[in-house]
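Trainee: My questions all concern the structure below.
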Amino acid sequence: MSWSARQYVKFEDERTRPVRDLIARIPNREAGVAVDLGCGPGNSTELLLGRFPEAQVVGIDNSADMIAAARKRMPDTAFELHDITAWSRAEGAVDVILSNAALQWVPDHGSLLPALVGRLKTGGALAVQMPHNLDEPAHRAMRIVAADGPWGDRLAAAARPADGQHEPAYYYDVLGAAGATVDVWMTIYHHVMPDVAAVVEWFKGSALRPFLAPLDADEQQAFLAHYLEAISPLFPPRHDGSVLLPFPRLFFVATRV
Numbered sequence: 000m001s002w003s004a005r006q007y008v009k010f011e012d013e014r015t016r017p018v019r020d021l022i023a024r025i026p027n028r029e030a031g032v033a034v035d036l037g038c039g040p041g042n043s044t045e046l047l048l049g050r051f052p053e054a055q056v057v058g059i060d061n062s063a064d065m066i067a068a069a070r071k072r073m074p075d076t077a078f079e080l081h082d083i084t085a086w087s088r089a090e091g092a093v094d095v096i097l098s099n100a101a102l103q104w105v106p107d108h109g110s111l112l113p114a115l116v117g118r119l120k121t122g123g124a125l126a127v128q129m130p131h132n133l134d135e136p137a138h139r140a141m142r143i144v145a146a147d148g149p150w151g152d153r154l155a156a157a158a159r160p161a162d163g164q165h166e167p168a169y170y171y172d173v174l175g176a177a178g179a180t181v182d183v184w185m186t187i188y189h190h191v192m193p194d195v196a197a198v199v200e201w202f203k204g205s206a207l208r209p210f211l212a213p214l215d216a217d218e219q220q221a222f223l224a225h226y227l228e229a230i231s232p233l234f235p236p237r238h239d240g241s242v243l244l245p246f247p248r249l250f251f252v253a254t255r256v
């Protein structure tokens, strides 16, 4: 199942809020070249350009649908179709690398992050935000539904790589050893959803993708129905009928020394 820009931006305001908070913590006052790794439909790239309006800004993503949406959104900005692990810049080091809700899909952070720090100029910043929610009830429910249904064998490998989520101390140590000063923190957002069905729609644009990809259309609908039933007790309606989706996120800004 390929990435869908249309599905992802159904909750654009909520998905963009963390990257606003992240960009506000980048210490650099100016940048000549800034790169958005895993730029998606361009919402994070737009904010990056707003922070560094004089910079040459480049968006990188491995989804053709996302790149097409980003180019439509920002026709005067360069967007390139690349895998994050294969990205390099022949022109030399850059001032800022931003990555918003993308690196959790990429394995081997112990090798990836030092490599990214190495692509920064001295004083350059690597600013990253990743979901930190694999232990949240909504995620546990995905794994339970996957294991209990007739699709169990096909979905055995659907979970994210085991090294896709680490604690803050891990990133502090890895980035510090790579020659960076590190600002690391976590925030739990409580996104307001109109109902539990909207929670399912949220995750269809991200975490449910690996579970749905191996299934045909009928199986996908059956999986989603089971998932909705499983998570409904987890999200009781609030006073106005809406539900709150707790969403822990991990942030760090690493500055190359």
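Heads up, the sequence shown is in numbering that gives the first Met the number 0, so the first residue is 0 and it goes up one at a time. Ideal Cβ positions, reconstructed from N, Cα and C, are used throughout, including at glycine. Given the structure is predicted, the values throughout are model-derived calculations rather than measurements.
1. Under a three-way DSSP split, which group does isoleucine 187 fall into?
2. Just reading off the beta strand (DSSP E) that glycine 41 is part of, what are its end residues?
3. Can you find the residues in the same chain that come closer than 6 Å, C-beta to C-beta, to arginine 153, ignoring five residues on each side of it along the sequence?
4. For the pair the segment 186-199 and the segment 217-228, tell me if three or more CB-CB distances fall below 8 Å.
5. May I ask which residues mark the beginning and end of the beta strand (DSSP E) holding proline 247?
6. Figure out for me which residue from Ser43, Leu36 and Val32 has the closest Cα to the Cα of glutamate 90.
7. Could you name each continuous alpha helix (DSSP H) segment of 4 residues or more that falls completely within the segment 90-136, going from the start of the chain to the end?
8. Compute the Euclidean distance between the alpha carbons of isoleucine 21 and alanine 124, then round it to the nearest angstrom.
9. Just mark proline 17 as buried or exposed, buried being the case when its beta carbon has 16 or more other beta carbons within 10 Å.
10. Could you tell me if methionine 73 is buried or exposed, where buried requires 16 or more neighbouring beta carbons within 10 angstroms of its beta carbon?
11. Would leucine 80 and isoleucine 96 qualify as a contact pair, given that the criterion is a beta-carbon distance under 8 Å?
12. Classify methionine 192 as buried or exposed, calling it buried when 16 or more other Cβ atoms lie within 10 Å of its own Cβ.
13. Starting from the Cα of phenylalanine 210, find the closest Cα among Leu46, Val144 and Pro232 and give me that residue.
14. For the alpha helix (DSSP H) containing alanine 212, list its first residue and its last residue.
15. Tell me which residue opens and which closes the alpha helix (DSSP H) that glutamine 219 is part of.
16. Using only CA atoms, which one of Asp64, Ser110, Val93 and Trp150 lies nearest to alanine 216?
17. Once DSSP output is grouped into helix, strand and coil, what is the label at leucine 80?
18. Classify methionine 65 as helix, strand or coil using the three-state DSSP reduction.
19. Within its chain, find whatever has a CB closer than 6 Å to the CB of glutamate 13; leave out the 5 residues flanking it on each side and keep chain order.
20. Whose CA, out of Glu45, Phe251, Arg248 and Gly148, lies closest to the CA of glutamine 220?
Mentor: With the structure as the only source:
1. Here isoleucine 187 carries a strand assignment [DSSP, helix/strand/coil].
2. From DSSP, glycine 41 is part of no beta strand (DSSP E); its letter is neither H nor E.
3. Closer than 6 Å at Cβ, skipping near neighbours: Pro213.
4. A contact exists between the segment 186-199 and the segment 217-228.
5. Residues 242-255.
6. Checking every option, the nearest Cα to that of glutamate 90 belongs to Val32.
7. 108-116, all fully within the segment 90-136.
8. First, the residue type needs correcting, since residue 21 is leucine and not isoleucine in the sequence shown. One alpha carbon belongs to leucine 21, the other to alanine 124, and they sit about 12 Å apart.
9. Under this definition proline 17 is a buried residue.
10. By the 10 Å Cβ count, methionine 73 comes out buried.
11. 8 Å or more divides the Cβ of leucine 80 from the Cβ of isoleucine 96.
12. Around the beta carbon of methionine 192, a 10 Å sphere encloses 16 or more other beta carbons of the protein chains shown; the residue is thus reported as buried.
13. Closest by alpha carbon: Val144.
14. Alanine 212: not part of any alpha helix (DSSP H); DSSP gives it neither H nor E.
15. Taken as a continuous stretch (DSSP letters only), the alpha helix (DSSP H) holding glutamine 219 covers 216-230.
16. Distance check between alanine 216 and each of Asp64, Ser110, Val93 and Trp150 places Trp150 closest, using alpha-carbon atoms only.
17. Annotated three-state conformation of leucine 80 is strand, per DSSP.
18. DSSP places methionine 65 within a helical segment (H, G or I) once states are collapsed to three.
19. Contacts found: His190.
20. Closest by alpha carbon: Gly148.
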